[in-house]
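Quick note on numbering: the sequence shown equals residues 5 to 680 in our numbering. From the three backbone atoms N, C-alpha and C, an ideal C-beta is built for every residue, glycine too. None of the values given here were measured: they were computed from a predicted structure. What follows is one structure encoded as C-alpha cells, with my remarks underneath.
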Amino acid sequence: MPFSRSFHLSRRALLGHSAQLALLAGLGGCASIPAPRKASVPAAAAAPLPLSDVRLTPSPFLDAVEANRAYLHSLEPDRFLHNFRQQAGLRPKGDIYGGWESDTIAGHSLGHYLSACALMYAQTGDETCRQRVAYIVEELAACQAARGDGYVAGFTRRNEDDTIEPGHVVFDEIAAGDIRPAKFYLNGSWAPLYNWHKLLAGLLDAQEYGASSTAPDIAEGIAGYIAAKTDPLSDDQMQQVMVCEHGGINESLAELYALTGNEGWLRLAGRFYHRAVLDPLAAERDELAFLHANTQIPKVIGLARRYQIAGLPEDRTASTFFWDTVTTQRSYVIGGHGDREYFQEPDSISHYITDQTCESCNTYNMMKLTRLLHAEAPSAAYFDYYERCHFNHILAQHRPTDGMFAYMVPLMSGGHRDFSTPFDDFWCCVGTGMESHSKHGDSIWWQGPDRLAVNLYIPSTAQWTAQGATISMETTYPLDSEIRLTVGRLETPRKFALTLRIPAWVAAPSLSVNGEPVSARPGADGYAVIEREWRAGDRVHLSLPFSLRMEATPDDPDTVAFLYGPLVLAADLGPADAPFDQPAPALVADDILAGFTPAGAAATFDVTGIARPGALRFSPFYALHDRRTAVYFKRYTPAQWEEATVTFARQNARLAALDRHSIDTVQPGDAASETG
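Printed below as a string of C-alpha cells:
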C-alpha cells in the first residue's frame with residue numbers, strides 16, 4: 005500500500021478552482037479567502053480529556069480496541085476509493101468492496117473508516133492508522149482537484165433501466181428544481197447527503213484527532229459544492245430534499261463553522277433543519293412513532309452541537325426532549341431502541357420484543373447525543389444511560405474473536421446476533437462499529453475548572469495536562485464493584501475536586517482516600533465529590549456494591565429483565581448455530597429474585613425450580629456473542645401460571661387444527677413468503 009505524499013491541494017487552491025464561488029456569495033461569503041481558522045465558541049461546562057491523553061489497560065474494552073485495530077489494518081483504502089477515483093475521471097487502484105459498497109450508497113464506509121482510523125490513532129498512537137488517513141486525504145484531494153468544483157463522492161445513481169450514473173447528476177437535477185425524494189432515496193441515489201455526512205465527519209475527525217491537518221480543506225470544498233447546488237432552492241424545496249435520509253449533515257456543517265469561523269457554514273447548517281421532525285420536538289411534542297429511528301437521531305445531534313456553538317434555546321429544548329422520550333419511553337433494557345429500525349409508540353416495549361430489535365447505529369448515535377447534552381449540563385443520569393448502552397449494547401454488537409459487528413441485537417427469546425463478514429457487507433452498523441471500538445477511552449475522564457470527573461469505570465491511565473497530573477484507574481468493573489484510583493504524577497501539590505459518578509442503582513457506596521473514609525453521598529447531580537490538596541501517590545478506593553434487580557418494561561409490569569450492577573443478564577439458550585424450537589422461558593414464583601443462586605463465576609446465576617420449562621443459567625448478555633439468549637421474561641405467580649397453562653393448551657390446540665387444514669401460509673412483508 006503506497007503512502008507517498010506526492011500531492012497536496014491547499015484550501016486556497018481548491019476554493020480558487022471551485023465553480024461555485026459566485027453562488028457562495030449568497031451565503032454571506034462562505035468562501036472568503038482566507039477565512040478565520042476558529043470560531044468563538046463558548047466553553048462547555050465539562051469536556052472529556054483528549055482521547056490521546058487516555059490509555060486503556062487490560063479489560064474487555066481494550067480487547068475490543070485490539071480486535072478492531074486488526075480489522076482496520078486488514079482493510080484496503082484503495083478499494084474504498086474505487087468510486088471516488090472513477091467519478092473524478094481517474095483510474096481506480098483497487099476493486100470495489102462488496103455489500104453496500106457495491107450499491108448506490110458506495111462511499112459511506114470510507115467516511116467511517118477515516119473516523120475510525122483517526123480515533124484509533126488518538127486512542128493507541130497506531131502509526132499505520134495515521135498513515136492511512138494521510139493517504140486517503142491525499143487521494144480525495146486529487147479527486148477533488150480533477151473535477152475542480154469541490155465535488156468528491158463515491159455514491160452513484162441507479163436509473164429505472166438499471167444503468168448507473170455518477171452521483172453529481174443528482175445534484176445537477178436538484179439545483180434545477182427537479183427534486184424526487186423518497187424515504188431513503190433522492191433522485192435514484194441511496195441517501196447521498198447521509199453519505200456526505202459520513203465523509204465530512206471523517207475528514208473533520210482526521211483533523212481533530214491529529215491524523216491530518218489538511219482534511220478540512222476537502223471538507224470545505226464539499227460544503228461549497230453543496231452550498232452551490234442548494235442555494236437556488238427555496239425553503240420548501242429544501243424541506244423536500246430532506247424527506248430523504250440525510251444523516252447529521254447539519255452537525256458537520258456546524259462543526260466546519262466551529263473550526264474555520266466561516267459563518268456561511270453555520271448558515272448552511274441552518275438550511276438543513278427538517279421542520280417536519282424538529283419543530284414538534286422544539287415544541288416538546290412526541291411525534292416519533294413509526295419514524296425511522298436512525299434517520300432522526302443525527303438531526304438532533306446537529307441541534308445539540310449547534311446549541312453549543314450558537315446558543316439557540318430551541319435547539320437545547322428539542323434535543324433534551326428527544327433524549328428524554330427515547331431513553332425513558334422507548335429504550336430496551338440494554339439501552340437500545342427500535343424494532344426493525346423504527347420507533348414505535350411510547351411505552352410499548354413489551355409488544356416489540358422481536359428478533360429485529362436495537363439497531364446498533366441508533367445506540368452509537370444516542371451515546372453521541374448523550375455526550376453533547378452532558379457537556380452542557382453535567383449529570384450522572386446521562387452517564388448512567390451511557391454506561392448501560394456501552395456495556396450492554398456496544399460490547400454486545402462486536403465479536404472480539406474476529407472483530408465483526410452485529411446490525412441488530414435481538415432481545416427475543418431464542419434470538420441470536422448475526423455478525424458481518426470482513427469484506428462483503430459494509431452495513432451502516434459496520435461503519436459505526438468501526439468507530440465505536442476505536443474510542444473506548446473517550447468518555448471515561450472529564451474535566452472542568454479545577455475539577456476532574458470520572459464518568460465510566462474502565463481501567464485506564466489519564467494525563468490531565470491542565471493540572472500536570474497522571475491518574476490511573478484499576479478495576480475489573482463491571483464484573484466487580486471495587487475501583488481504585490492512584491495519583492501517579494503531580495508536578496506540585498494541587499487543590500482540585502475529584503468527582504465520581506454514583507450510579508442510581510447503588511444503594512450504599514463507600515469511599516476512602518489513603519485508607520481514610522470520606523463521604524460517598526452523591527449530590528443532586530449524582531456525583532460524590534472529594535475536594536482537597538492532592539499529592540503524588542494519593543489513593544482513592546470507591547466501592548459500588550452490586551445487587552441483583554428486576555426491571556419491568558414501561559408498559560407491562562409482568563414483562564421483566566434482570567441486571568446485576570451495571571450488567572444486563574441473559575439466559576443462555578444454546579449455540580447460535582443450533583435450532584431453537586422451544587417455548588419462550590417464563591419464571592413462576594411469588595418472589596422471583598429469591599430463585600436466583602450465584603453460580604460461582606462473576607455475574608452468573610443459576611435459576612432452578614421457578615423457571616419454565618426448565619433450569620436456566622444467567623450471565624452477562626454482552627458476552628454471549630455466539631449464543632441464543634433470553635433477556636425478557638414473563639413472570640407469574642403460581643396461581644397465574646396454573647391459569648395460563650390452561651390458556652396455552654387451548655391456543656396450541658387451535659393452532660394445530662389450523663395447521664392441519666392450511667394449504668399455504670403467507671407472512672406479509674416477507675418477500676420469500678409472499679412469492680414462494
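Would you identify the three-state DSSP class for residue i, choosing helix, strand or coil?
{"i": "Met124", "result": "helix"}
{"i": "His665", "result": "coil"}
{"i": "Met408", "result": "strand"}
{"i": "Met477", "result": "strand"}
{"i": "Cys362", "result": "coil"}
{"i": "Val458", "result": "strand"}
{"i": "Asp560", "result": "strand"}
{"i": "Leu642", "result": "Here the sequence assigns Pro to residue 642, which means Leu is not the residue at that position. Correct three-state label for Pro642: helix."}
{"i": "Met438", "result": "helix"}
{"i": "Thr328", "result": "Per the sequence shown, residue 328 should be read as Asp rather than Thr. Helix, per DSSP."}
{"i": "Gly452", "result": "strand"}
{"i": "Phe550", "result": "coil"}
{"i": "Phe188", "result": "coil"}
{"i": "Val533", "result": "strand"}
{"i": "Leu237", "result": "coil"}
{"i": "Ile168", "result": "strand"}
{"i": "Ala574", "result": "strand"}
May I have the straight-line CA-CA distance separating residue i from residue j, to the nearest angstrom?
{"i": "Pro526", "j": "Met438", "result": "35 angstroms"}
{"i": "Thr563", "j": "Ser354", "result": "7 angstroms"}
{"i": "Tyr336", "j": "Thr557", "result": "8 angstroms"}
{"i": "Arg279", "j": "Asp239", "result": "10 angstroms"}
{"i": "Leu76", "j": "Gln644", "result": "53 angstroms"}
{"i": "Thr68", "j": "His420", "result": "The question names Thr, yet the displayed sequence has Ala at residue 68. Distance between the alpha carbons of Ala68 and His420 is about 20 angstroms."}
{"i": "Ala287", "j": "Asp560", "result": "29 angstroms"}
{"i": "Ala511", "j": "Phe550", "result": "9 angstroms"}
{"i": "Trp509", "j": "Ala384", "result": "12 angstroms"}
{"i": "Ala180", "j": "Pro62", "result": "56 angstroms"}
{"i": "Arg95", "j": "Arg89", "result": "6 angstroms"}
{"i": "Ala501", "j": "Glu535", "result": "4 angstroms"}
{"i": "Phe427", "j": "Ser106", "result": "11 angstroms"}
{"i": "Gly315", "j": "Thr480", "result": "40 angstroms"}
{"i": "Asp153", "j": "Arg59", "result": "41 angstroms"}
{"i": "Thr329", "j": "Pro302", "result": "16 angstroms"}
{"i": "Leu573", "j": "Ala657", "result": "34 angstroms"}
{"i": "Thr331", "j": "Asp351", "result": "11 angstroms"}
{"i": "Thr469", "j": "Asp388", "result": "27 angstroms"}
{"i": "Asp585", "j": "Val247", "result": "42 angstroms"}
Tell whether a beta-carbon distance below 9 angstroms holds between residue i and residue j.
{"i": "Ala619", "j": "Thr612", "result": "yes"}
{"i": "Ile448", "j": "Leu460", "result": "yes"}
{"i": "Pro463", "j": "Pro507", "result": "no"}
{"i": "Ser323", "j": "Gly340", "result": "no"}
{"i": "His172", "j": "Tyr189", "result": "no"}
{"i": "Phe600", "j": "His112", "result": "no"}
{"i": "Leu415", "j": "Tyr626", "result": "no"}
{"i": "Trp200", "j": "Gly251", "result": "yes"}
{"i": "Leu546", "j": "Leu494", "result": "no"}
{"i": "Ala660", "j": "Gly407", "result": "no"}
{"i": "Tyr117", "j": "Leu79", "result": "yes"}
{"i": "Val522", "j": "Leu489", "result": "no"}
{"i": "Ala138", "j": "Ala215", "result": "yes"}
{"i": "Asn254", "j": "Cys432", "result": "no"}
{"i": "Leu114", "j": "Ile140", "result": "yes"}
Using the beta-carbon count (16 or more within 10 Å), is residue i buried or exposed?
{"i": "Asp542", "result": "buried"}
{"i": "Thr436", "result": "buried"}
{"i": "Glu142", "result": "buried"}
{"i": "Asn396", "result": "buried"}
{"i": "His665", "result": "exposed"}
{"i": "Thr160", "result": "buried"}
{"i": "Lys372", "result": "buried"}
{"i": "Ala110", "result": "buried"}
{"i": "Phe347", "result": "buried"}
{"i": "Lys233", "result": "buried"}
{"i": "Ser217", "result": "exposed"}
{"i": "Leu662", "result": "exposed"}
{"i": "Glu212", "result": "buried"}
{"i": "Pro404", "result": "buried"}
{"i": "Ala205", "result": "buried"}
Indicate, with yes or no, if the ligand GTP has a heavy atom lying under 8 angstroms from the CB of residue i.
{"i": "Asp576", "result": "Ligands displayed in this structure: none; no statement on the ligand GTP is therefore possible."}
(message) Quick test of the definition: if touching needs 3 or more C-beta pairs under 8 angstroms, does the segment 550–570 touch the segment 633–645?
(response) Flag = yes, the segment 550–570 and the segment 633–645 touch.
(message) Closer than 8 angstroms is the cut-off here; do at least three beta carbon pairs connect the segment 204–224 with the segment 259–267?
(response) Contact between the segment 204–224 and the segment 259–267 is present: 3 or more CB-CB pairs across the two stretches fall below 8 angstroms.
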